[in-house]
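Everything on this sheet refers to the single structure shown next.
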Amino acid sequence: MAEIKIKNVAKNFASYQALNDINLTVSDQEFMVLLGASGCGKTTLLRIIAGLETATQGEVWINDRRVDHLPPKDRGIAMVFQNYAVFPHLTVFENIAFGLRMHKHPSAEITKRVHRTAELMHIEQLLKRYSGELSGGQRQRVAVARALAMEPDVILMDEPLSNLDALLRLEMRAELKGVLAESKTTAIYVTHDQVEAMSLADRISVMNQGRIVQASDPVDIYRNPAEKFVAGFIGNPPMNFLVADKQADGRWNVAGQSYDGPSCAENTLDFAIRPEDVVLAETGISAKVNVVEPLGVHLLVTCDVNGAQFRATLDSDANIGRGDTIALQPQLDRIRWFEPSNGMRQSLEKNDV
Amino acid sequence: MQARYLPYVLIAPVSVFLGLFFLYPFYLVAQTAFYDGAGWSLKNFQEVTSYWKFPISFKNTLWLAAVVVPIQLALALLMATMVNAMKKGRDLVLYIWTIPLGISDLAAGIIWLAIFEQSGFLNSMMHGLGFIDRPTALISYQNPTLIFVAIALAEIWRATAIMLVILVAGIGLIPREYYEAAQVFGAGRWKQFLRITLPLLRPSLSTALVLRVILAFEVFAVVQALGGTLFPVLMSETYAYQFELLNGSAAAAVALIILGISIASTIVILRVLRVPKGATI
Ligand SMILES: Nc1ncnc2c1ncn2[C@@H]1O[C@H](COP(=O)(O)OP(=O)(O)OP(=O)(O)O)[C@@H](O)[C@H]1O
Ligand SMILES: [Mg+2]
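Line by line, the protein sequences give chains A and B. The first sequence begins at 23 in this note's numbering and counts up one residue at a time. The second sequence begins at 1012 in this note's numbering and counts up one residue at a time.
Right, here's the structure in full:
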């Protein structure tokens, strides 16, 4: 049983504020993914939870125990470092066994666990090698195995699969999820790979410039981004945005078309729709096609709508060429609205979950 | 010029220098040591080793090294760890700690003699504080242990810093990430020192130890100043043969014996602190 609570954590490096009022609860056995662009503070947050960095302010609780004053070794965590930190003077076997030896496990038990985790990470044939004799991806898997072998209550993973090829990453991802679910481990997993985040996470925390912008389950994050930043960050390609002008209360003009929207004081809003939530129609938003990319399953069309870029994934049978002008109709219940001033989503009772 | 010749061209000056000023004199010394006037023999070695003073000077030299070097190693490691943990004033402390390095060994011996002499600081202090009735001769043939302790102290004071600077540089090279990983996986300070610092420091440790052990076998001036003839060591025997007994062959033989134990201990140190093949440190 391990629950992690982060309360009002902030971190300053000299004058630079790397983390800003972070509040996050990861419940027991939950798989939490931290997702965000490079430099947004993911590693810093993980290091604060591990005790390798001291928060400038705020509290970290693990299991109803405040741990801010505890050294890393007393926090009951294991960690996969972004730079691996595989010990160069120890063999792969001894690297994986390191934590177990520190915790004085009997040697038969150590051997058993090392072999089991090594097998899981497909590195059992490397056990006698030194880290200098491994490839980046192999070293990364040693780092993961070293953490898994601990069978900890909490595991912190900083981009643990970033250096693997696509196929191996897919396989490792599935195995990681299986193992951690089985061992009832609470996991915090850092990545900037959205697909990885979506597929692994019970919940995703999207971070931006030292803040947690939204923490929710993957589908909710995808469907109901809390901020324009999330909408523009999640999804490949991400959401389209168009300017909407107020026609009447609750009625908005978007590129010549009129849609029901929120009733609010603002005169303009950002209208947002995902590329796969529009269809080709007789009438609709008029778009001039700039690029057509046939992706097999569908056609990715990049258009120009009143000077704004607009992408649509259409049926691959659609007969569309560069320079065509097409009409697109959004699926009405998938339209989202954002306030231009602060990027917050404008709630619209009937869409809100 | 072709790239494959370049390394040889670059090491040529040093090689010539060493050949001229090290190998050639070494050859001469070896020749003197193994030549008995008629031909090659071990006569000189038999002569010096059967002399009554040889076992005792041999024993003294080894004992001194065996006591002084481990203490210096422990001290240097402790000091290096402390210096590396400092955030401010690190350089200043390092400068102060390395001051004895700038003092010649004879001067160091004399400084410590000034402490231990009958009219020295130690006696006056103990007398002044009333621990003793009157100053006594601490360094005398009745007090061999104290002579040993005085010499050992002087050596430790004088030559620990050379190990310190090597180890400080070595510890500074160990990336912090390994300590962080060790901490997360349950290592306290002591375990971090044993499992991370020591193994990753092996290259610096062997350099420092080889250097220090060789110098310990060559100890001379400090011993002369503090012990004089009361504490014979191999180097003082060499000196006595050469300049007092005017027996160059015997002096050369003792010098070669010192060289022999230096080489032997170097090999042992390098073996013990060997980094396993494949490990990149
Ligand atoms: N020790 C430090 N001193 C000063 N600034 C730091 C330090 N560590 C991190 N930072 C800054 O804090 C910010 C967040 O860094 P962090 O390593 O947490 O990013 P990240 O989200 O993990 O990025 P990435 O995905 O590239 O690993 C960065 O702007 C970085 O420059
Ligand atoms: Mg990072």
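Just so you know, even glycine gets a beta-carbon here, dropped at the ideal spot from N, CA and C. Bear in mind the structure is a predicted one, so any value in this text is a computation, not a measurement.
Within 10 angstroms of the beta-carbon of W1201 (chain B) lie fewer than 16 other beta-carbons, which makes it exposed. Set against 8 Å, the gap from the CB of K64 (chain A) to the closest heavy atom of ligand 2 is smaller.
When only Cα atoms are considered, V1283 (chain B) and N45 (chain A) end up about 52 Å apart. DSSP lists no beta-bridge partner residue for H127 (chain A). With a threshold of 9 Å between beta carbons, G154 (chain A) makes contact with chain B. Of the heavy atoms belonging to ligand 2, none sits nearer than 8 Å to the Cβ of D215 (chain A). Interface residue (Cβ-Cβ distance to chain B less than 9 Å): F109 (chain A) is classified as such. In this structure, A:A349 is the residue among A:V300, A:V276, A:S338, A:A349 with its C-alpha nearest to the C-alpha of S308 (chain A).
In the three-state reduction of the DSSP assignment, V1286 (chain B) falls in the coil class, being assigned neither a helical nor a strand state.
Fully contained in the region 244-310 of chain A are the following alpha helix (DSSP H) runs of length 4 or more, in chain order: 250-255.
Under DSSP, W359 (chain A) shares a beta bridge with A:F293.
If one requires a minimum length of 3 residues, the beta strand (DSSP E) runs lying completely within the region 178-239 of chain A are 208-213, 225-230, 233-238, in chain order.
Of all residues in the region 257-282 of chain A, none has a C-beta nearer than 7 Å to a C-beta of chain B.
Spanning the alpha carbons of S1135 (chain B) and K1099 (chain B) requires a straight line of approximately 38 Å. Minimum Cα-Cα distance from M1097 (chain B) among the listed residues B:V1179, B:A1161, B:A1198 corresponds to B:V1179.
Here the alpha carbon of S280 (chain A) sits roughly 57 Å from the alpha carbon of V164 (chain A). Bridge pairing for Y106 (chain A): A:F103 [DSSP]. For T1291 (chain B), the nearest CB of chain A lies under 9 Å from its own CB, placing it at the interface with that chain.
With a cut-off of 8 Å, the C-beta of F35 (chain A) is classified as near ligand 1, since at least one heavy atom of the ligand falls inside that distance. Taking a beta-carbon distance threshold of 9 Å, N185 (chain A) does not count as an interface residue toward chain B.
At least one CB of chain A lies nearer than 9 Å to the CB of K1202 (chain B). Using a Cβ distance threshold of 9 Å, V48 (chain A) and K27 (chain A) count as a contacting pair. Between R168 (chain A) and chain B, the shortest Cβ-Cβ separation is below 9 Å. Rounded to the nearest whole angstrom, the C-alpha separation of Q104 (chain A) and L68 (chain A) is 10 Å. It is roughly 27 Å from the alpha-carbon of L1270 (chain B) to the alpha-carbon of L1086 (chain B).
Residue contact with chain A for F1196 (chain B): present (Cβ-Cβ distance below 9 Å to some residue of chain A). Among the residues of the region 120-149 of chain A, those with a Cβ less than 8 Å away from any Cβ of chain B are F120, G121, M124, H125, in the order of the chain. Across the region 74-99 of chain A, CB contacts with chain B closer than 8 Å involve L74, P93, P94, K95, I99, in sequence order along the chain.
Going by C-alpha positions, L1237 (chain B) is about 21 Å away from I1110 (chain B). At a beta-carbon threshold of 9 Å, none of the residues of chain A lie near P1214 (chain B); the nearest stands roughly 11 Å away.
A straight line joining the alpha-carbon of V1078 (chain B) with that of T139 (chain A) spans about 47 Å. Membership of K1064 (chain B) in any beta strand (DSSP E) is not indicated; the residue belongs instead to the alpha helix (DSSP H) covering 1064-1096.
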